[in-house]
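Protein chains in written order, with our numbering: chain A, 1 to 573; chain B, 574 to 1146.
Number of protein chains: 2
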Amino acid sequence: MIENLRRYFPVLDWGRTYDRSAFSDDMIAAVIVTIMLIPQSLAYALLAGLPPEAGIYASIAPIVLYAIFGTSRALAVGPVAVVSLLTASAIGQVAEQGTAGYAVAALTLAFLSGGLLVLMGVFRLGFLANFLSHPVIAGFITASGILIATSQVKHILGVSAHGHTLPEMLGSIFSHLSEINWITVVIGVTATGFLFWVRKNLKPALLRMGTPALLADILTKTGPVVAVVATTLAVWAFDLGGKGVKIVGEVPQGLPPLTLPSVSPDLVSALLVPAILISVIGFVESVSVAQTLAAKKRQRIDPDQELIGLGAANLGAAFTGGYPVTGGFARSVVNFDAGAATPAAGAFTAIGLAFASIALTPLVYYLPNATLAATIIVAVLSLVDLSILKKTWGYARRDFAAVAATIFLTLGFGVEIGVASGVALSILLHLYKSARPHVAEVGLVPGTQHFRNIRRHKVDTDPTLVTLRVDESLYFANARFLEDLIQKRVTTGCSVRNVVLMFSAVNEVDYSALESLEAINHRLKDMDVRLHFSEVKGPVMDRLKRSHLPDDLNGRFFLSQYDAWAALITKGR
Amino acid sequence: MIENLRRYFPVLDWGRTYDRSAFSDDMIAAVIVTIMLIPQSLAYALLAGLPPEAGIYASIAPIVLYAIFGTSRALAVGPVAVVSLLTASAIGQVAEQGTAGYAVAALTLAFLSGGLLVLMGVFRLGFLANFLSHPVIAGFITASGILIATSQVKHILGVSAHGHTLPEMLGSIFSHLSEINWITVVIGVTATGFLFWVRKNLKPALLRMGTPALLADILTKTGPVVAVVATTLAVWAFDLGGKGVKIVGEVPQGLPPLTLPSVSPDLVSALLVPAILISVIGFVESVSVAQTLAAKKRQRIDPDQELIGLGAANLGAAFTGGYPVTGGFARSVVNFDAGAATPAAGAFTAIGLAFASIALTPLVYYLPNATLAATIIVAVLSLVDLSILKKTWGYARRDFAAVAATIFLTLGFGVEIGVASGVALSILLHLYKSARPHVAEVGLVPGTQHFRNIRRHKVDTDPTLVTLRVDESLYFANARFLEDLIQKRVTTGCSVRNVVLMFSAVNEVDYSALESLEAINHRLKDMDVRLHFSEVKGPVMDRLKRSHLPDDLNGRFFLSQYDAWAALITKGR
């Protein structure tokens, strides 16, 4: 009972040993993360097409709920770039940006992804996320980074444009070029340049000046805050808002409101597929961040409990005016580096943000959208990593095909088609390979009891004995392949008296494959050739014993291939 | 050049050695098959919802084309029960039965499946058919048999009914019960009873009376002809047509007409999915019949060339007033038993049927539909084999699930949903299993160089050495699973100094799995544990050598597990 409670409420675990030292560590981390999160939350809300306060709201309740249910001690949950892009793409299809329907759709999307995540956690379906292969994730994140950066160019130029694919966005920006606002361009380009400089050059400069590493790191991370403050002051001082520079404007002051997602069947069915995508992608992103950080401190992450933690966070977002959230890389690393000891750091961050949403929102009235766009561009361009194309090309063409297709389709047809095609393609290529398995004819490595491919190693063989090592589990997709192959091999060698199937690499024999093995046995019997098996694994043998094959077999089962060799080579006819 | 011609025109192969003895064998087989095919072709046309002559037409050009392009010497191509059902289901959705549009849709369906089959043959995609697992095929054929038999009950009762699923059909028959025609019932029930008796009891009776086996067999097969002649005479003699018994009526006299399939994009796109289904199912049915018969005479079937043969046959059907065809089990077995020596037997059958379509069609005017329904019911009930449920239940629950789902969904939701769900479920269950692989910890079987699971065998082990045999190829779906598992195993045994991954069952390491192995290597290095590999197969090693893993590895690659054991157990720290 207590064990179960602890499983579902990890807070009971770390809460018991919470002390003053952990408290002060957590407080310091919280202050740093709060300062960093304010501009980031506003920017990601902009990216999702939502009013700026939605970004702040989405950072408060979700952080607290994750602190209660999540297992990572450093993960910081809130709006992130890729999920914001997915949100914009999904709700852009059901509602007009800026309408009340748009905000309700965002709540509904958070509610649906939260519900799905909790369900997946309760039914321990976390392994499903593994079907997003590394190459597909890498390709998807890279393409998303390009899409997100491109989507922000309109804010830097001060033009209105739209679109969810690269050609749409570029076409739209190009056709609106005449509306360009040069003051906005100056602000946007300066902010972008400044942020790039901070990211690339400030930390080495500070370190050279003798600043301690941790402080240098934190100062570097405050770059966006500096850009926000400076450009806001400039807009206010020179009344640039009156000269066509788009600014954040009025942001409601106060704690997150209580909101309700819609349960209209039309909306739910339109958002269900995007919600699945957001939950799975958000989960994969979050778990990889959490595992990376946990490994550094020899802690463990329970992926199924993570699903519940993230699910609770999203449900929280749905009822407090937010939108879909997940564990973000940048904010989690800051949290970790700033020394967060327990999830309580997250709770303190939430308090900080709540204070900001009450007291600081009037201060962002003059903040130009171009500055927010600049912070997004600089943040996401670090996600773009085309080297995965080169790495997979060198390793295996199949993985390369998955990366290239994911990147190309995400850019050309949008995030949903891109990632769905990537997953489908990975699975198809995997099935294609296993449908035409590698089968090696093996012989004895002299002086050992070890058997190897006769084409790669110098081995002993016997003309009356054919030993085939089947390098794949046998199932419906490749069962007939083996039938054809044995038929061909045996009919071309007329002195063959014994065929041994070495099953060391066969991890499964399904019913289709069983029927094929029975057919092979009968055909070989007709040709006066005996069929044997060697090195059949326990689980496979257990299953075969339930069939007629062991009774009907005109040969034997050998424990090891060497036993088979010894028996058949000496007693062979 | 000649080789290529021979590949695509197998007729060039057997045609060269054709002699008088083969000619007379083929002629005898052709006469027998022709007589059997006449009622069968009429009946299957009725099942497909087409006018009776379509069944005859679909047996003429296709047979000749298959004789030119096909590789089986005994396969008889023409309308078959399951494909007729699929045709009725597909074109029932785009046209009203009895209209000109319905016949054009049938031609278009034959054209599309023919085109698809030829394309699959040219691109050698025959292996795709393997994704229809044996359990799915068995379940599908059984459910189709039940559906087909049920669909014929209305003809036996003389009522009009419709529907493509079992509940629809039963509901429709029930609601039309008041229209029942008792004379039709007498004809239908008598014919059905007679045919069952012929099938079950006539052959043993004839054999007891000393009839030669072959003749007894052929006489048994003429049962449908006897039923047709007797009931036609009865209808004619007592003018039962005037008493409400539905009869075949006017059938146009003459050779197959030249027809054109439609290329309307609407129709093509509506029929494309059914056409894919019909091609694949027809191909699987045909190839298994052909392989069974070929094995009996030590001949070989080339599945890719079979695709071209069947494709040509369907294209032929499309241009000569037919509908989709494939190699049928019943007719092929008769052809084989009657002694057909070459595909020329098929050509002679075509001549016989052409003669029938010119001269014999007036004779079937009084043939009652109930008799045709009786021949269908008796033929398809032999397809129904529920024992596959028991067999798969005993062997593996996963295969049982595939059979049960296929049967249930085919009966409840129609043939297309049934077979598509069966295939999808088989693939999902396969992926599910490989996503959570079996990993055995192994030790040395004393006195040998063979390693086995420590839980199943009495083996030698060493406390500082953990050897894990991974029983699955490593790919994206299970890469993370292995990471977790090794982490858990190594952290629970603090004396562990060496981990060996025995890769005898690993047939593939994709890029995702490579990254996991690198992560495992780094984590173990941090824990001061060395990671080794043994029995890595040639193709897997070739691939790993293209990565950084061999350089970064803090352990070694061993050719055999015994080498690893010998090196690590004696030199172990």
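No residue lacks a Cβ here, since even glycine has one placed at the ideal position from N, Cα and C.
Since Asn942 of chain B and Lys816 of chain B should fall inside the 8 angstroms C-beta cutoff, what is the C-beta to C-beta distance between them, to a whole number of angstroms?
As a position in the second sequence, residue 942 of chain B is number 369, starting the count at 1. As a position in the second sequence, residue 816 of chain B is number 243, starting the count at 1. About 14 angstroms; that fails the 8 angstroms criterion.
Please classify Val898 of chain B: does DSSP put it in a helix, a strand, or coil?
The sequence position of residue 898 of chain B within the second sequence is 325, counting from 1. The answer is coil: DSSP assigns Val898 of chain B none of H, G, I, E or B.
Going by beta carbon distance, what residues of the same chain come within less than 6 angstroms of Phe69 of chain A, once the five residues before and after it are set aside?
Here residue 69 of chain A refers to the residue found at position 69 when the first sequence is read from its first residue. The residues are Ile308, Gly309 and Ala312.
Indicate whether Ala110 of chain A and Asn314 of chain A have their beta-carbon atoms separated by less than 7 angstroms.
Within the first sequence, residue 110 of chain A is the residue found at index 110, counting from 1. Within the first sequence, residue 314 of chain A is the residue found at index 314, counting from 1. In contact: Ala110 of chain A and Asn314 of chain A (Cβ atoms closer than 7 angstroms).
Helix, strand or coil for Asn550 of chain B, going by three-state DSSP, please let me know.
Here chain B has residues from 574 to 1146 only, and residue 550 of chain B is not among them.
With burial defined as no fewer than 16 other Cβ atoms inside 10 Å of the residue's Cβ, what is the status of Ser279 of chain A: buried or exposed?
Residue numbering aside, residue 279 of chain A sits at position 279 when the first sequence is read from its first letter. Buried is the call here.
Rounded to whole angstroms, how far is the Cβ of Leu425 of chain A from the Cβ of Ala401 of chain A, which I believe are closer than 8 angstroms?
Here residue 425 of chain A is taken as the residue at index 425 of the first sequence, counted from 1. Here residue 401 of chain A is taken as the residue at index 401 of the first sequence, counted from 1. With a Cβ gap of about 7 angstroms, Leu425 of chain A and Ala401 of chain A count as contacting.
For Thr165 of chain A, which residues in the same chain have their Cβ closer than 8 angstroms to its Cβ, ignoring the five residues on either side in sequence?
Translated into positions along the first sequence, residue 165 of chain A becomes position 165. These residues qualify, in order along the chain: Leu147, Leu411, Gly412, Phe413 and Gly414.
Quick check: is the beta carbon of Tyr1048 of chain B nearer than 7 angstroms to any beta carbon in chain A?
Position 475 of the second sequence, counted from the start, is the residue given in the question as residue 1048 of chain B. Chain A, which has a Cβ nearer than 7 angstroms to the Cβ of Tyr1048 of chain B, makes this yes.
Going by other Cβ atoms of all chains shown within 10 Å of its Cβ, with 16 needed for buried, is Glu752 of chain B buried or exposed?
For the purposes of this step, residue 752 of chain B is taken as residue 179 along the second sequence, with counting starting at 1. With fewer than 16 other Cβ atoms within 10 Å, it is exposed.
In angstroms, rounded to a whole number, what distance separates the CA positions of Leu12 of chain A and Ala294 of chain A?
Here residue 12 of chain A corresponds to residue number 12 of the first sequence, with the count starting at 1. Here residue 294 of chain A corresponds to residue number 294 of the first sequence, with the count starting at 1. Answer to the nearest angstrom: the Cα atoms are 19 angstroms apart.
Expected contact under 8 angstroms - CB spacing of Tyr630 of chain B and Pro829 of chain B to nearest Å
The residue labelled residue 630 of chain B in the question sits at position 57 within the second sequence. The residue labelled residue 829 of chain B in the question sits at position 256 within the second sequence. 4 angstroms between Cβ atoms; contact.
On the DSSP letters alone, give me the boundaries of the alpha helix (DSSP H) that Glu515 of chain A sits inside.
Numbered from 1 along the first sequence, position 515 holds the residue referred to as residue 515 of chain A. Looking at the DSSP string, the run of the alpha helix (DSSP H) that includes Glu515 of chain A is Tyr511 to Asp526.
I need the DSSP call for Leu623 of chain B, collapsed to helix, strand or coil.
Working through the second sequence from its first residue, we reach residue 623 of chain B at position 50. It is coil, neither helix nor strand.
Cβ of Trp14 of chain A less than 7 angstroms from any chain B Cβ?
Walking along the first sequence from the start, residue 14 of chain A turns up at place 14. Answer no: the Cβ-Cβ gap between Trp14 of chain A and chain B never drops below 7 angstroms.
With DSSP as the reference, identify every bridge partner of Met1075 of chain B, one or two as the case may be.
Position 502 of the second sequence, counting from 1, holds the residue named residue 1075 of chain B. The partner list for Met1075 of chain B (beta bridge, DSSP) reads B:Arg1042 and B:Ser1107.
Since Val726 of chain B and Ile746 of chain B should fall inside the 8 angstroms C-beta cutoff, what is the C-beta to C-beta distance between them, to a whole number of angstroms?
Looking up residue 726 of chain B in the second sequence gives position 153. Looking up residue 746 of chain B in the second sequence gives position 173. With a Cβ gap of about 6 angstroms, Val726 of chain B and Ile746 of chain B count as contacting.
Between Trp236 of chain A and the rest of its own chain, which residues show a CB-CB distance below 6 angstroms, the 5 nearest in sequence each way excluded?
By 1-based counting over the first sequence, the position of residue 236 of chain A is 236. Tyr366, listed in sequence order.
Give the interface partners of Ala435 of chain A over in chain B, defined as CB-CB distance under 9 angstroms, in chain order.
Taking the first sequence and counting its residues from 1, one reaches residue 435 of chain A at position 435. Near Ala435 of chain A (Cβ distances below 9 angstroms), the residues of chain B are Phe700, Leu701, Asn703 and Phe704.
Which value, in whole angstroms, describes the spacing of the CA atoms of Trp197 of chain A and Ala230 of chain A?
The residue given as residue 197 of chain A occupies position 197 in the first sequence. The residue given as residue 230 of chain A occupies position 230 in the first sequence. Rounded to whole angstroms, Trp197 of chain A to Ala230 of chain A spans 16 angstroms at the Cα level.
Would you mind telling me which residues of chain A sit closer than 9 angstroms to Thr1021 of chain B, beta carbon to beta carbon, in chain order?
As a working mapping, residue 1021 of chain B is identified with position 448 in the second sequence. In chain order: Gln449, Leu559, Ser560, Tyr562 and Asp563.
For Ala618 of chain B, which option in B:Phe981, B:Val656, B:Ala649 and B:Thr644 has the closest C-alpha, if you only look at C-alpha atoms?
As a working note, residue 618 of chain B is residue 45 in the second sequence. With distances taken between Cα atoms, Ala618 of chain B lies closest to B:Val656.
If you check the beta carbons only, do Leu474 of chain A and Ala513 of chain A fall under 7 angstroms apart?
As a first step, residue 474 of chain A is located in the first sequence; it is residue number 474 there, counting from the start. As a first step, residue 513 of chain A is located in the first sequence; it is residue number 513 there, counting from the start. Yes; because the gap between Cβ atoms is below 7 angstroms, this pair is in contact.
Can you confirm whether Ala1078 of chain B, when its beta carbon is compared against all beta carbons of chain A, has any partner nearer than 7 angstroms?
Working through the second sequence from its first residue, we reach residue 1078 of chain B at position 505. Closer than 7 angstroms to some Cβ of chain A, the Cβ of Ala1078 of chain B qualifies, so yes.
Does the segment 325-341 of chain A come within contact of the segment 20-38 of chain A, defined as at least 3 CB pairs closer than 8 angstroms?
yes
Helix, strand or coil for Arg398 of chain A? Go by DSSP, reduced to three states.
Counting from 1 along the first sequence, the entry for residue 398 of chain A is found at position 398. Three-state result, Arg398 of chain A: helix.
By how many angstroms is the C-alpha of Val442 of chain A removed from the C-alpha of Arg573 of chain A?
In the first sequence, residue 573 of chain A corresponds to position 573, counting from 1. In the first sequence, residue 442 of chain A corresponds to position 442, counting from 1. Because the pLDDT of Arg573 of chain A is 38, which lies under 50, any placement of that residue in the model is unreliable, and the question is left without a value.
Candidates A:Thr448, A:Trp182, A:Thr326 and A:Phe283: which alpha carbon is nearest Gly126 of chain A's?
In the first sequence, residue 126 of chain A corresponds to position 126, counting from 1. Considering only alpha carbons, the answer is A:Phe283.
Proximal residues of chain B, C-beta to C-beta of Phe319 of chain A below 7 angstroms:
As a working note, residue 319 of chain A is residue 319 in the first sequence. In chain order: nothing, as chain B lies at least about 32 angstroms away.
By a C-beta neighbour count over all protein chains shown, 10 Å radius and 16 as the cutoff for buried, is Trp755 of chain B buried or exposed?
Working through the second sequence from its first residue, we reach residue 755 of chain B at position 182. So Trp755 of chain B counts as exposed.
Pairs of beta-carbons, one from the segment 552-568 of chain A and one from the segment 498-509 of chain A, closer than 8 angstroms: are there three or more?
yes
Do Leu615 of chain B and Gly628 of chain B have their C-beta atoms within less than 7 angstroms of each other?
The count along the second sequence starts at 1 and reaches residue 615 of chain B at position 42. The count along the second sequence starts at 1 and reaches residue 628 of chain B at position 55. The answer is yes: Cβ separation under 7 angstroms.
Along the chain, which unbroken stretches of the beta strand (DSSP E) at least 3 residues long are found entirely within the segment 413-487 of chain A?
438-444, 451-453 and 465-471
Under the assumption that Ile377 of chain A contacts Ala149 of chain A (Cβ atoms under 8 angstroms), give the Cβ distance between them as a whole number of angstroms.
The sequence position of residue 377 of chain A within the first sequence is 377, counting from 1. The sequence position of residue 149 of chain A within the first sequence is 149, counting from 1. About 5 angstroms; that satisfies the 8 angstroms criterion.
Going by C-alpha distance, which of A:Val536, A:Ala48, A:Leu128 and A:Phe503 is nearest Val287 of chain A?
Counting from one through the first sequence, the residue named residue 287 of chain A turns up at place 287. Among A:Val536, A:Ala48, A:Leu128 and A:Phe503, the Cα nearest to that of Val287 of chain A is on A:Leu128.
Cβ-based contacts, 9 angstroms cut-off: residues of the segment 967-989 of chain B near chain A
Gly967, Tyr968, Ala969, Arg971, Asp972, Phe973, Ala975 and Val976
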